[in-house]
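**Student:**
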Amino acid sequence: MSATTDGANRRLPRSRPRARTKFAWSDPKFRDVVWQIIVVGLVLGALWWLVDNTRHNLEVRQIAGGFGFLQREAGLPIGEHLIPYSPLDTYFKALLVGVLNTLRVAAVGVVLATVLGTFIGIARLSPNWLLARLAAIYVELVRDLPLLLHLLLLYTLVQNLPGPRQALRPIDGVYLSNRGLVLPEFEWLPGHSLVGAAFALGCAGAFVYRRWAMAKQMADGKPRTVWPIAMVLLVVLPALVSFALDIPWRLNWPSLRGFNIRGGMVLSPEYFTLLLGLVLYTAAFIAEIVRSGILAVQTGQWEAAQALGLTRRLTLRWIVLPQALRVIIPPMTSQYLNLAKNSSLAVAIGYQDIVSIANTTINQTGQAIESVAIIMAVYLAISLSISLFMNWYNKRIALVER
Amino acid sequence: MSDAARPLACPPVAARGKARTLPRPPAGSVGTLGWLRANLFQSWFSAALTVALVYLIAHGAYALIDWALINAVWTVDSGSDGPKSDACRAVEGIGACWAVITEKHRFILFGTYPFEEHWRPALCIAIFIGLYVVSASRRLSRKKFASTWATALIAIGVLMWGGIPGLPFVPQDLWGGLVVTLILATFGLALAFPLAILVALGRRSRLPAIRILCIVYVELIRGVPLISLLFMASVVLPLFLPEGMNLDKLLRAQIAFILFAGAYLAEVIRGGLQAIPKGQYEAADALGLSYWRKIALVILPQALHIVIPPLVNTFIGFFKDTSLVLIIGIFDLLSAGKTAILEPAWQGFGIEVYLFCGSIYFVFCFAMSRYSQNLEGTLDRNRRR
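Sequence order for the protein chains is A and B.
With this note's numbering as the guide, the letters of the first sequence map in order to residues 1 to 402.
With this note's numbering as the guide, the letters of the second sequence map in order to residues 1001 to 1385.
In structure tokens, the structure reads:
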């Protein structure tokens, strides 16, 4: 195709001399350039005006610009920190603690919201009328209320829970009270890293073995059972290492002592509320995405798979899921981004995430521009990383067309 | 029979004739019993699930009715120094205290607006709702639509501020409650919409400088949380402006909202622009239309029509997001509710107040979401025709 048109072009005489840019309004190219210069000029002018005003205002208020304040002592107490922190540390460290707190809630939230959302989405398609209706009501109810209202309501509910002595114990070892949620915690001993390494090795081995088996099946058409060897690699190998090193596996069980609950992993009321609110809210949106993704796979695909003699499980795994995922991944990405950004509502219930700590920093130092810039930069970085990862994953599962 | 004389290609009649002679379906597969069997008890697993769910729902409904209706306190006596919430304290934990709503509903709906003037924000709320209903019916011509909106928004401004004979002036920092939520959402969307159209067009422009500017704007705004923009508006914007130029807090939040909504709406509209076949652009060019006439007369009417359902979804999200102004201390519906329970007499009755605020948000959002679903159906039918 393209060869013939190229040829035709070559044979034709140039009908028109190459258009030269005329410096006249009648020339579209000239107009384009002028328009761009005008728009860019206006934007730059507005920016210059703002910067100039700011410089003047800062001078009048005697605020020193720049990020020098990051090295000063923060003196702000932070209840929850993943890295060692004391109020004597610098603002930089305080903000870093805030970033880690944001990541802590966003990462756990994304995983839990995906799991819950997938369940609710599938429940909406359930043949059981009652379950489907319940899931639909949940989705409609949750989606039509602001997240902030969810958080305030949940926080009030958590604060109204009984104290530690009368804590709710839905399962043994789990305490839910107005001091937060306490779960049994795994006691990490040095030897466990080796077991973990053995498990990772087992995973890699199982993966390679499965690929090899698949390649063989593609070549000769004979199916091979993968799971016995995979089981050996995944379970027996780590177990052997554990026995050989003779390491105990212990959970640190929380227990009621005096007026408080000791031991275990403690999720503060604020963290617990924020996580719960984000998960419940985002799950409603994810449920809709999962549902529409599954519905987007045509019934013909199910029927064709049945005609080939595939079982229901194999059909889901090899026919429906890969096609549904293609529809699901792009909107799912934006839900993950929303969840990460929505975690900034932590400031409303007093969980000390980056926004909350930056807000305190503004109040203490008056460095408003720098602090807001830091918040924006952190979220842009988080958004960008989620987008990059999901785009990579999306490309991996995308339909390869001719 | 005459059936034999009919041409063969007439299956409905033959089928109908046959159906009359078919045996009745088994008793268990029709009627209520059949429905139950088909929808609730298809298998052992499904039956177990149904029983478990019925048990849970019954328990939940019983507890809820007990709390919200049977043990609830609806009114309290007013003592010498304000209402007495003792009756509510007595049922705390076992019954709802709706008395806090009875006492505080004016505050939650209208905030600190002068008490005798409450009819003004109430009228504004009515105008807003009327405006939504009229717009949703999609019967107005484009010109009438624009003039209706302009008149309504000006009327709301006059009513809220006052300052003309008969309406005393009410400064902006006294406004509050539901009306502020509606103002933020409606003015925000009305002003963000033209901005969004320009940005969406700019992002598809062939002029690189304009395209890059639009991309940077959209991606920057979409990459950061709304909170950071609101902080920007409340603490940074005053630094950006020249001395002596003071914008009101509500206005600053409104600017942040317009910039925020502009970016998100622009992406939705861009989707519509991309869905218009290239032939439409080329046909408009062939007719000799200028760029702006081409956009206004050919492209935008079609593009906007396609994106109405996603636009309504964006509106819903945006309406909910107005509640975030609570964090920078503006008195919207949710923030008025939160403030109402700061009073010592009503402390600890947050659940009732939040449920009340929530029901108002729910009514607005649910109406919009139903509208969008109906519209999707209508648009689909039109397209398939």
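For each residue, glycine too, the CB sits at the ideal point set by N, CA and C.
(1) Among the residues of its own chain, which have a CB less than 6 Å from the CB of V158 of chain A, if the five just before and after it don't count?
(2) Measuring only the C-alpha atoms, how far is L1304 of chain B from W1292 of chain B?
(3) Per DSSP, which one or two residues make a beta bridge with M265 of chain A?
(4) Hey, quick one: how far does the alpha helix (DSSP H) through Y91 of chain A stretch, first residue to last?
(5) On the premise that I78 of chain A lies in contact with I357 of chain A, defined as a C-beta separation below 8 Å, what is that separation, rounded to the nearest angstrom?
(6) List the residues of chain B that T156 of chain A touches, going by C-beta distances under 8 Å, in chain order.
(7) Measure the beta-carbon distance from L1201 of chain B to I1295 of chain B and round it to whole angstroms, keeping in mind my assumption that it falls under 8 Å.
(8) In whole angstroms, what separates the C-alpha of V208 of chain A from that of F389 of chain A?
(9) What three-state label does DSSP hand M1368 of chain B in the structure shown?
(10) Terminal residues of the continuous alpha helix (DSSP H) containing R1204 of chain B?
(11) Taking the C-alpha atoms as reference points, what is the distance between N394 of chain A and L321 of chain A?
(12) May I ask you to verify whether the region 285-305 of chain A touches the region 165-175 of chain A, counting CB pairs closer than 8 Å and requiring at least 3?
(13) At least one CB of chain B closer than 7 Å to the CB of W129 of chain A: is that the case?
(14) Using a cut-off of 8 Å between C-beta atoms, extract the partners of T54 of chain A located in chain B.
(15) Of all the options B:S1078, B:P1121, B:W1098, B:F1349, which has the alpha carbon lying nearest to the alpha carbon of I1070 of chain B?
(16) Alpha carbon to alpha carbon, how far is C1010 of chain B from V1030 of chain B?
(17) Kindly list, in the order they appear in chain B, the residues whose Cβ is closer than 7 Å to that of W25 of chain A.
(18) Give the single residue among A:D27, A:W318, A:V34, A:W48 whose Cα lies nearest to the Cα of F1240 of chain B.
(19) Expressed to the nearest angstrom, what Euclidean distance is found between the alpha-carbon atoms of R1204 of chain B and L44 of chain A?
(20) Tell me whether P1083 of chain B sits in a helix, a strand or coil according to DSSP, three-state version.
(21) From V1180 of chain B to L1333 of chain B, what distance separates their C-alpha atoms?
(22) I need the boundaries of the beta strand (DSSP E) containing S255 of chain A, first residue and last residue.
(23) On the three-state DSSP scale, how would you describe V226 of chain A?
(24) M376 of chain A touches chain B at which residues, Cβ-Cβ below 7 Å?
(25) Taking C-beta to C-beta, are G1028 of chain B and A1336 of chain B nearer than 7 Å?
(26) So, helix, strand or coil for Y155 of chain A, using DSSP?
(27) Would you list the one or two residues that DSSP bridges to V974 of chain B?
(28) Give the interface partners of K341 of chain A over in chain B, defined as CB-CB distance under 8 Å, in chain order.
(29) Would you mind telling me which residues of chain A sit closer than 8 Å to V1100 of chain B, beta carbon to beta carbon, in chain order?
(30) So with CB distances below 9 Å, who are the chain A contacts of Y1371 of chain B?
(31) Of all the CB atoms in chain A, is at least one closer than 7 Å to the CB of S1323 of chain B?
(32) Check E1243 of chain B in the structure and name its three-state DSSP category.
(33) What runs of the alpha helix (DSSP H), each 4 residues or longer, lie entirely inside the region 276-343 of chain A?
(34) Hey, would you say G1272 of chain B sits closer than 7 Å to V1218 of chain B, going by beta carbons?
(35) Can you check whether the C-beta of Y138 of chain A is within less than 7 Å of a C-beta belonging to chain B?
(36) Along the chain, where does the beta strand (DSSP E) that runs through Y175 of chain A open and close?
**Tutor:** On the basis of the supplied data:
(1) The residues are P269, T273.
(2) Going by the C-alpha atoms only, they are around 16 Å apart.
(3) Residue pairing of M265 of chain A in beta bridges, as defined by DSSP: A:L183.
(4) It spans 91-124 - the alpha helix (DSSP H) in which Y91 of chain A sits, taken as one unbroken run.
(5) Contact between I357 of chain A and I78 of chain A holds: their C-beta atoms lie close to 7 Å from each other, under 8 Å.
(6) Chain order gives the chain B residues near T156 of chain A as G1350, I1351, Y1354, where near means a beta carbon separation below 8 Å.
(7) That pair is a contact at about 6 Å.
(8) Annotation: V208 of chain A to F389 of chain A spans about 23 Å, alpha carbon to alpha carbon.
(9) Here M1368 of chain B sits in helix by DSSP.
(10) For R1204 of chain B, there is no enclosing alpha helix (DSSP H), as DSSP gives it neither H nor E.
(11) So the two alpha carbons sit approximately 14 Å from each other.
(12) When Cβ pairs closer than 8 Å are counted between the two stretches, the region 285-305 of chain A is seen not to touch the region 165-175 of chain A, the count staying below three.
(13) For W129 of chain A, the nearest CB of chain B lies under 7 Å from its own CB, placing it at the interface with that chain.
(14) Going along chain B in sequence order, the residues near T54 of chain A (Cβ under 8 Å) are L1239, F1240.
(15) Distances from the CA of I1070 of chain B to each of B:S1078, B:P1121, B:W1098, B:F1349 were compared; the closest alpha carbon is that of B:W1098.
(16) With a pLDDT of 45 at C1010 of chain B, under the threshold of 50, the modelled position of that residue is not reliable, and the figure given next carries that caveat. Distance from the CA of C1010 of chain B to the CA of V1030 of chain B, rounded to the nearest whole angstrom, comes to 29 Å.
(17) Identification of chain B residues near W25 of chain A by a Cβ-Cβ cut-off of 7 Å yields none; the smallest Cβ-Cβ distance measures about 13 Å.
(18) Ranked by how close their Cα comes to the Cα of F1240 of chain B, the residues A:D27, A:W318, A:V34, A:W48 have A:W48 in first place.
(19) Going by the C-alpha atoms only, they are around 21 Å apart.
(20) It is a strand residue.
(21) V1180 of chain B and L1333 of chain B have their C-alpha atoms spaced approximately 7 Å apart.
(22) Looking at the DSSP string, the run of the beta strand (DSSP E) that includes S255 of chain A is 255-257.
(23) Note: V226 of chain A maps to coil in three-state DSSP.
(24) What M376 of chain A touches in chain B, judged by beta-carbon distance under 7 Å, is V1224, S1228, going in chain order.
(25) Not closer than 7 Å, so no.
(26) For Y155 of chain A, the secondary structure class from DSSP, reduced to helix, strand or coil, is helix.
(27) A question about residue 974 of chain B goes unanswered here, because the residues of chain B that appear run from 1001 up to 1385.
(28) The CB of K341 of chain A comes closer than 8 Å to the CB of V1224, P1225, L1226 in chain B, given here in chain order.
(29) Per Cβ cutoff of 8 Å: no residues; V1100 of chain B is ~13 Å from chain A at best.
(30) Neighbours of Y1371 of chain B on chain A: none; closest Cβ ~12 Å, over 9 Å.
(31) Yes, S1323 of chain B lies at the interface with chain A (some Cβ there is under 7 Å from its Cβ).
(32) E1243 of chain B carries a coil assignment under DSSP once its states are collapsed to helix, strand and coil.
(33) Fully enclosed alpha helix (DSSP H) runs of 4 or longer: 299-307, 321-342.
(34) The criterion of a C-beta distance shorter than 7 Å is not satisfied by G1272 of chain B and V1218 of chain B.
(35) Y138 of chain A does not count as touching chain B.
(36) It spans 175-177 - the beta strand (DSSP E) in which Y175 of chain A sits, taken as one unbroken run.
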